[in-house]
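Here the structure is laid out as structure tokens; the discussion comes afterwards.
In the numbering used here, the protein residues as written are 2 to 406.
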């Protein structure tokens with residue numbers, strides 16, 4: 002049997018494995034990154050350097066001013082959740098700090114929740130091209146409108162430190178220049194790195210959540226004993242009665258169902274209905290009669306096909322896709338017996354509540370680096386979805402059901 006990566010070996014699997022160099026600048030080279038991309042980014046960086054020239058580096062031994070921090074994390078929702086231990090660390094190390102969090106509008110529900118639980122104090126929105134939805138011109142217009150709105154707001158706030166937590170392009174490090182922040186901190190993984198006063202170390206073989214945890218000492222926050230290793234998002238457990246009430250609205254009992262999440266903003270990570278049906282029909286006999294509950298924006302053709310196949314096999318399942326708020330998803334994940342999903346939001350929510358989590362991974366598209374490293378104490382399992390790997394999927398399904406029982 003071919004070995005499937007486990008949660009104890011994720012440090013051996015990189016987020017990115019190659020770089021491209023253009024005119025002396027290094028850029029992370031992902032699977033869709035070409036020299037043409039590098040040329041475009043290099044041009045953008047050259048303009049940015051004219052607008053916000055690099056200043057002499059501040060003394061690295063001097064503590065960063067942390068009274069008013071602006072943190073930009075315009076990214077996918079899973080990446081935003083991976084930043085929660087970092088935000089919690091800032092609040093723990095500097096209880097009086099005021100954090101303005103900048104995210105994409107697609108993460109509005111998550112960002113508002115982070116504000117309610119005290120991980121940030123204010124939330125603003127920036128939709129960057131390539132990350133936001135809509136046509137090319139519409140994306141650009143939205144981004145420019147956001148920049149025009151944010152510029153006076155940030156200058157009025159006068160952030161003492163601007164932090165960019167996305168290492169990839171596009172990102173929002175240019176806002177540090179627009180805001181005239183005294184200090185700019187971020188990853189040195191693209192041409193604008195020379196505009197940074199402090200650089201967050203990047204290592205392509207370290208999971209992103211761990212990289213952000215490792216950055217806390219830059220902000221004068223020592224590692225918290227017992228929490229030095231990234232083990233998933235930091236979210237408060239909701240009152241059990243509250244989560245039970247949300248589950249009851251959908252006719253569900255706490256612990257009596259598995260959450261299914263089949264969709265992603267990265268469609269390349271999605272899995273065929275045939276593989277989903279294969280996995281679920283293996284889990285069902287050992288699942289104690291628990292129902293499968295499909296969540297998401299829509300069921301979609303894949304979800305509908307899977308639900309039909311389960312119904313034909315007499316396996317209880319239902320769809321609440323399109324019927325839930327963001328808070329509902331959190332409650333349903335907490336009250337579930339476990340979650341079966343692709344590399345997406347569902348996995349991060351399940352891990353935040355330490356529920357058994359089975360992630361269907363597409364080689365070359367899903368990212369093991371999105372998940373905790375050395376997490377032997379986490380009920381986290383991976384199932385490959387390629388043809389010829391049925392035996393590995395069966396073994397992963399068995400490990401998942403044993404963790405539930």
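The beta carbon of each residue, even a glycine, is placed where N, CA and C say it ideally should be.
Have a look at residue i and residue j and give me their C-alpha separation to the nearest angstrom.
i	j	result
residue 249	residue 110	22 Å
residue 348	residue 369	12 Å
residue 72	residue 150	17 Å
residue 48	residue 141	17 Å
residue 329	residue 198	41 Å
residue 211	residue 231	5 Å
residue 355	residue 43	42 Å
residue 390	residue 108	35 Å
residue 353	residue 225	18 Å
residue 182	residue 119	23 Å
residue 381	residue 371	12 Å
residue 297	residue 271	13 Å
residue 169	residue 190	7 Å
residue 187	residue 178	13 Å
residue 242	residue 148	42 Å
Where does residue i sit, in a helix, a strand or coil, going by DSSP?
i	result
residue 121	coil
residue 358	strand
residue 363	coil
residue 262	strand
residue 141	helix
residue 208	coil
residue 163	strand
residue 254	coil
residue 301	helix
residue 98	coil
residue 126	strand
residue 413	Because the chain in this structure spans residues 2 to 406, residue 413 falls outside the shown range and cannot be described.
residue 201	strand
residue 291	coil
residue 170	coil
residue 44	helix
residue 320	strand
residue 132	coil
residue 69	strand
residue 280	helix
residue 189	coil
residue 412	Nothing about residue 412 can be reported from this structure: the residues present for the chain run from 2 to 406 only.
residue 78	helix
residue 104	strand
residue 184	strand
residue 315	coil
Do residue i and residue j have their C-beta atoms closer together than 9 Å?
i	j	result
residue 338	residue 317	no
residue 302	residue 274	yes
residue 277	residue 399	no
residue 105	residue 76	yes
residue 247	residue 336	yes
residue 413	residue 162	The chain is shown only over 2 to 406; residue 413 falls outside these bounds and no answer can be derived.
residue 265	residue 344	yes
residue 334	residue 260	yes
residue 159	residue 69	yes
residue 127	residue 176	yes
residue 236	residue 263	no
residue 154	residue 122	no
residue 359	residue 293	no
residue 413	residue 217	This structure cannot speak to residue 413, because the chain is shown only from 2 to 406.
residue 64	residue 234	no
residue 285	residue 314	yes
residue 145	residue 171	no
residue 103	residue 346	no
residue 282	residue 310	yes
residue 331	residue 114	yes
residue 252	residue 319	yes
residue 394	residue 280	yes
By a C-beta neighbour count over all protein chains shown, 10 Å radius and 16 as the cutoff for buried, is residue i buried or exposed?
i	result
residue 173	buried
residue 397	buried
residue 80	buried
residue 255	buried
residue 365	exposed
residue 326	exposed
residue 167	buried
residue 202	exposed
residue 46	buried
residue 288	buried
residue 269	exposed
residue 373	buried
residue 385	buried
residue 1	This structure cannot settle anything about residue 1, because the visible part of the chain is limited to 2 through 406.
residue 157	exposed
residue 196	buried
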